Amino acid sequence: MQKILDFDLEQTLECGQCFRWERQPDGSYTGVASGHILNISEENIPQIAQDEFWGNYFDLKRDYAKIRADLSAADRTLARAAQFAPGMRILNQEPWEALCSFILSQNNNIPRIRGIVKRLCEQFGEPIGDGFFAFPTPERIAALEPEALCEIRCGFRAKYVVDAARKVASGVIDLERLKTAELSDAREQLMQIHGVGPKVADCTLLYGLHRLEAFPMDVWMKRAMQTLFPGRSPEAFGCYAGIAQQYIFHYSRCNPELFAQERQHAG
DNA sequence: GACCAGGTATTGC
DNA sequence: GCAATACATGGT
Numbered sequence: 000m001q002k003i004l005d006f007d008l009e010q011t012l013e014c015g016q017c018f019r020w021e022r023q024p025d026g027s028y029t030g031v032a033s034g035h036i037l038n039i040s041e042e043n044i045p046q047i048a049q050d051e052f053w054g055n056y057f058d059l060k061r062d063y064a065k066i067r068a069d070l071s072a073a074d075r076t077l078a079r080a081a082q083f084a085p086g087m088r089i090l091n092q093e094p095w096e097a098l099c100s101f102i103l104s105q106n107n108n109i110p111r112i113r114g115i116v117k118r119l120c121e122q123f124g125e126p127i128g129d130g131f132f133a134f135p136t137p138e139r140i141a142a143l144e145p146e147a148l149c150e151i152r153c154g155f156r157a158k159y160v161v162d163a164a165r166k167v168a169s170g171v172i173d174l175e176r177l178k179t180a181e182l183s184d185a186r187e188q189l190m191q192i193h194g195v196g197p198k199v200a201d202c203t204l205l206y207g208l209h210r211l212e213a214f215p216m217d218v219w220m221k222r223a224m225q226t227l228f229p230g231r232s233p234e235a236f237g238c239y240a241g242i243a244q245q246y247i248f249h250y251s252r253c254n255p256e257l258f259a260q261e262r263q264h265a266g
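Per numbering that gives the first Met the number 0, the first sequence starts with residue 0, numbered consecutively.
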């Protein structure tokens, strides 16, 4: 079995694109996607890469070395960011899970987002054995009133999650269709949801619909663009701008000293 | 206690 | 249009 290059579990699962994977004491990661449970480690990557579902989930068929080389050739700083986490891959997460997770991410911090998503799954997701839960379906959440979400402690975001669930469950928004729609149209449709603005829409496009040209612009990316790429715009990074974004986001978060003069106190 | 967290809706100009 | 502000909750 061939060794999978350009794939690192920590870089991929702890770079801020997903919230349900948990690192185990032995360094492996356990998670759930589309109702499937997986434990993945450096040792079993080759086997898992053979599996159609997981191979696609981890985007293992894509030539990230080539993408990284192209991005690196375009910009010296981008080359440094890409080299910082060359094993990072953009997951193929479920569209609804990505939409819902990033609605919950707004004005929130990553550890707390993880806790909210965990409680959401435990309270409203289907048990799939061994104490694991599937991500709750939009239909299940659509049937709730926002008040029913108070036990997951997501605060003012409860009404946003319910609105998203209702628009998806009713077919007002067809997430699958957005995979092939014009990017700007897909973005506008997502922004019909109460609580979905440009940033959450772009996260949904990139992480849930695998639209690799989408470029979510959060506070970190705004700082990074100002400081590291003055005068550049996301479009300059081309059709893989989303991957560039993830390299830059991860690099920035792991090296906050780059922005020391702009931030009073980090973390 | 103030301030912050992978933002967004609302309000006021 | 664009700048200010509230929003739930939990950590520093």
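Built from N, CA and C at the ideal position, the CB exists for glycine as well. What you are looking at is a predicted structure, and each value in this text was computed from that prediction instead of being measured.
Identity of the residues DSSP links to residue i by a beta bridge
i: residue 36; result: 31
i: residue 21; result: 29
i: residue 131; result: 128
Selected residue, minimal CA-CA separation from residue i, among the options
i: residue 205; options: 218, 183, 192 and 221; result: 183
i: residue 192; options: 98, 70, 127 and 68; result: 98
i: residue 235; options: 29, 42 and 72; result: 72
i: residue 219; options: 198, 166 and 136; result: 198
i: residue 114; options: 126, 94, 151 and 137; result: 151
i: residue 25; options: 41, 11 and 32; result: 41
i: residue 173; options: 95, 14 and 79; result: 95
i: residue 106; options: 164, 194 and 201; result: 194
i: residue 121; options: 79, 139 and 231; result: 139
i: residue 161; options: 10, 17, 79 and 103; result: 103
i: residue 217; options: 201, 229, 231 and 230; result: 201
Inter-residue Cα distance where the pair is residue i and residue j
i: residue 77; j: residue 242; result: 11 angstroms
i: residue 185; j: residue 101; result: 16 angstroms
i: residue 82; j: residue 123; result: 40 angstroms
i: residue 5; j: residue 20; result: 19 angstroms
i: residue 207; j: residue 177; result: 10 angstroms
i: residue 58; j: residue 47; result: 12 angstroms
i: residue 7; j: residue 69; result: 20 angstroms
i: residue 149; j: residue 135; result: 16 angstroms
i: residue 223; j: residue 258; result: 8 angstroms
i: residue 22; j: residue 93; result: 21 angstroms
i: residue 180; j: residue 189; result: 12 angstroms
i: residue 227; j: residue 66; result: 20 angstroms
The alpha helix (DSSP H) enclosing residue i, as first and last residue numbers
i: residue 233; result: Segment: none, residue 233 is in no alpha helix (DSSP H) and carries neither H nor E.
i: residue 99; result: 94 to 103
i: residue 195; result: No alpha helix (DSSP H) holds residue 195; DSSP gives it neither H nor E.
i: residue 2; result: From DSSP, residue 2 is part of no alpha helix (DSSP H); its letter is neither H nor E.
i: residue 8; result: 8 to 12
i: residue 116; result: 109 to 123
i: residue 79; result: 75 to 83
i: residue 209; result: Taken as a continuous stretch (DSSP letters only), residue 209 belongs to no alpha helix (DSSP H), as it is neither H nor E.
i: residue 16; result: Residue 16 -> no alpha helix (DSSP H), and no H or E assigned at all.
i: residue 162; result: 157 to 168
i: residue 248; result: 240 to 253
i: residue 138; result: 137 to 141
Start and end residues, beta strand (DSSP E) containing residue i
i: residue 127; result: 126 to 128
Just checking, does the region 148 to 166 make contact with the region 52 to 63 on the three C-beta pairs under 8 angstroms criterion?
No: fewer than three Cβ pairs fall under 8 angstroms.
Just checking, does the region 230 to 242 make contact with the region 118 to 135 on the three C-beta pairs under 8 angstroms criterion?
Because the criterion of three Cβ pairs below 8 angstroms is not met, the region 230 to 242 and the region 118 to 135 do not touch.
Segment contact flag, the region 33 to 42 with the region 210 to 222, C-beta cutoff 8 angstroms, min 3 pairs:
No, the region 33 to 42 does not touch the region 210 to 222.
Are there three or more Cβ pairs, one per stretch, closer than 8 angstroms when the region 79 to 92 is compared with the region 243 to 258?
Output reads yes: the region 243 to 258 touches the region 79 to 92.
Is the region 156 to 174 close to the region 135 to 147, with three or more CB pairs under 8 angstroms?
Contact between the region 156 to 174 and the region 135 to 147 is present, because at least three Cβ pairs lie under 8 angstroms.
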